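Asker: The working numbering numbers the first residue of the sequence shown as 2 and each following residue consecutively.
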Amino acid sequence: MMGWYGGGMGPLGWLAMGLFWLILLGLIMWLVTRLLPAGGGGTTRPTGESPLEILDRRLASGEIDLDTWQAQRAALLAAREDTK
């Protein structure tokens, strides 16, 4: 009864199976990277708002107080003048 299964897979069969799994895993990884949004996990996202609009929105929602708003607005306007 020895050899009843035909000797199993030969070296070429194991190579083909390994290659199949490598290709399958590579395809899955490629799909995941294509479908998930890019980014480093940061908290910023492009919204189309200018920095001054974001600052104004933060003041209006109560995230920052008037003194902080004035200081940050002055810094933003100074930085804008430096780049011109």
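Built from N, CA and C at the ideal position, the CB exists for glycine as well.
Owing to the predicted nature of the structure, the values given are computational and were not obtained by experimental measurement.
(1) Taking only three categories from DSSP, how would you classify E50?
(2) Using the three-state DSSP reduction, which class does L67 fall into: helix, strand or coil?
(3) Using three-state DSSP, classify G9 as helix, strand or coil.
(4) For a quick check, are the C-beta atoms of W70 and L78 less than 8 Å apart?
Answerer: Taking the coordinates as given:
(1) coil
(2) helix
(3) Here G9 sits in coil by DSSP.
(4) no
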